[in-house]
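Chemist: Numbering (my numbering), first residue to last: 182 to 475.
In this text, a Cβ means the ideal position worked out from N, Cα and C, and glycines have one as well.
Model, not experiment: these values are computed from the prediction.
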């Protein structure tokens, strides 16, 4: 695949306006970040809500146990109680410390199972994409549009960003794809392009070893396993570029296997499909549909 074709697939046709530029890099990690990335799908928001619920529950449990231990250590030490009690059990306390954890687990189970059901129940998809993991890049296929391409990390042959900048070829490659220090090791030479607000079904597979297709802002992570096809879905709310990584150790260049998803308007997506089909030597989508209807 030549550089021109990859540039087309990477979505270079949408860098014409300042508004589009401002919408770039919506879903990416930030330096010294401690929290989760902003959720940009319904699934991701539900996961953040579940995480917050569990954080409060576990935090209160830890606080209660800590206070209880401190109280017991102070109230019932040898100096204050030279003659220890000799009872062996307390039925009331035993019922309480059995029933309360059960009720907590039941309270957690309902939203947890509801979230799991939502993740596994895929709505009718607007776009289906097959993502195949390879050592160490991703291949994407759009069966409805007969499009396929590889997505490889930009300037992947260099040890660090300074080495990229010190090399004429590395610097030129980074400049061609608009890669900066912040996006290096996240940016790929071709984006998986999807329309905003559309239900996207991603089918994950692998050609060699186990990989995992993961985009934190979308709340999706699916193992890509050789000989098996796993499915997941997402529906992005906002136009922009979202980054992910292979999340299963898959070899020496595991860290050089980024995922780059470009969310665009429906009109821009249709234009990208037409441009990409022509670049791959295929008739425009409108011609293909007309031929299929005959």
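Using a 10 Å radius around the Cβ and a threshold of 16 neighbouring Cβ atoms, would you call residue 358 buried or exposed?
Modeler: Buried, by the Cβ-count rule.
Chemist: Given a cut-off of 9 Å on the beta-carbon distance, is the pair residue 209 and residue 303 in contact?
Modeler: No; because the gap between Cβ atoms is not below 9 Å, this pair is not in contact.
Chemist: Quick check for students: name the residue ranges of the beta strand (DSSP E) that lie wholly in the stretch 205 to 264, counting only runs of 3 or more.
Modeler: Qualifying beta strand (DSSP E) stretches: none in this window.
Chemist: According to DSSP, what are the bridge partners of residue 392?
Modeler: BP columns for residue 392 point to 405.
Chemist: For residue 344 and residue 373, what's the separation of their Cα atoms in angstroms?
Modeler: Computed Cα separation, rounded: 27 Å.
Chemist: Here's the rule I'm using: 16 or more other beta-carbon atoms within 10 Å means buried, otherwise exposed. How should residue 408 be labelled?
Modeler: Label assigned to residue 408: exposed.
Chemist: Given that a residue counts as buried once 16 or more other Cβ atoms are within 10 Å of its Cβ, and exposed if not, what is residue 326?
Modeler: So residue 326 ends up on the buried side.
Chemist: Can you grab the Cα-Cα spacing for the pair residue 249 / residue 297, in whole Å?
Modeler: Straight-line Cα distance between these residues: approximately 35 Å.
Chemist: Following the continuous alpha helix (DSSP H) through residue 441, name the residue where it begins and the one where it ends.
Modeler: Per DSSP, residue 441 belongs to no alpha helix (DSSP H); it is in the beta strand (DSSP E), 439 to 445.
Chemist: Pop quiz: residue 310 and residue 391 are said to be a contact at Cβ under 8 Å. What is the actual Cβ separation, rounded to whole angstroms?
Modeler: Not quite, the Cβ-Cβ distance comes to about 19 Å (not below 8 Å), so this is no contact.
Chemist: When DSSP labels each residue in this structure, what does residue 203 get in the three-state scheme?
Modeler: Residue placement at residue 203 is flagged as unreliable, the pLDDT there being 39, under the threshold of 50; a coordinate-derived value is accordingly withheld.
Chemist: Check this for me: beta carbons of residue 314 and residue 368, under 9 Å apart or not?
Modeler: No, the pair does not count as a contact, with Cβ atoms beyond the cut-off.
Chemist: Assuming residue 218 contacts residue 428 under a Cβ cut-off of 8 Å, what Cβ separation, rounded to an integer in Å, is found between them?
Modeler: Not really, about 14 Å apart at Cβ, beyond 8 Å.
Chemist: If we call anything under 9 Å between Cβ atoms a contact, is residue 425 one with residue 440?
Modeler: A contact, by the Cβ cut-off of 9 Å.
Chemist: Straight-line CA distance for residue 279 to residue 255?
Modeler: So the alpha carbons of these two residues sit roughly 25 Å apart.
Chemist: Does residue 325 come out as helix, strand or coil in the three-state DSSP assignment?
Modeler: Looking at residue 325 - three-state DSSP - the assignment turns out to be coil, as it is neither helix nor strand.
Chemist: Starting from residue 267, follow the alpha helix (DSSP H) in both directions and report where the run begins and ends.
Modeler: Looking at the DSSP string, residue 267 is not in any alpha helix (DSSP H), and its letter there is neither H nor E.
Chemist: Since residue 383 and residue 312 should fall inside the 8 Å C-beta cutoff, what is the C-beta to C-beta distance between them, to a whole number of angstroms?
Modeler: With a Cβ gap of about 6 Å, residue 383 and residue 312 count as contacting.
Chemist: Residue 306 lies in the beta strand (DSSP E); which residues open and close that run?
Modeler: Note, residue 306: premise wrong, no beta strand (DSSP E); not H, not E.
Chemist: Closest to residue 242 by CA distance: which of 285, 220, 452, 350 is it?
Modeler: The shortest Cα separation from residue 242 among 285, 220, 452, 350 belongs to 285.
Chemist: From residue 207 to residue 289, what distance separates their C-alpha atoms?
Modeler: Spanning the two alpha carbons is a distance of roughly 31 Å.
Chemist: Pick helix, strand or coil for residue 465, following the three-state DSSP scheme.
Modeler: In the structure shown, residue 465 sits in coil (DSSP, three-state: anything other than H, G, I, E or B).
Chemist: One question on the structure: do residue 269 and residue 415 come within less than 9 Å of each other, judged by their Cβ atoms?
Modeler: No.
Chemist: Helix, strand or coil for residue 457? Go by DSSP, reduced to three states.
Modeler: Three-state DSSP puts residue 457 in a helix.
Chemist: Kindly indicate which residue of 354, 292, 389 has the alpha-carbon position closest to the one of residue 316.
Modeler: The shortest C-alpha separation from residue 316 is found at 389.
Chemist: For a test of the three-state rule: what should DSSP assign to residue 344, helix, strand or coil?
Modeler: Helix at residue 344.
Chemist: Which residues share a DSSP beta bridge with residue 412?
Modeler: In the DSSP output, where bridge partners are listed per residue, residue 412 has 384.
Chemist: Can you tell me the Cβ-Cβ gap for residue 438 and residue 339, rounded? I've got them flagged as a contact below 8 Å.
Modeler: No, residue 438 and residue 339 are not in contact; Cβ-Cβ is about 15 Å, not under 8 Å.
Chemist: Compare the C-alpha of residue 417 against each of 447, 393, 461, 216 and name the closest.
Modeler: Out of 447, 393, 461, 216, 447 has the C-alpha closest to the C-alpha of residue 417.
Chemist: For the putative contact between residue 366 and residue 334, defined by C-beta atoms under 8 Å, what is the C-beta separation to the nearest angstrom?
Modeler: Their Cβ separation, rounded to whole angstroms, is 7 Å, which keeps residue 366 and residue 334 in contact under 8 Å.
Chemist: Considering only the beta carbon of each residue, do residue 445 and residue 377 sit closer than 9 Å?
Modeler: Cβ distance < 9 Å, so residue 445 and residue 377 count as in contact.
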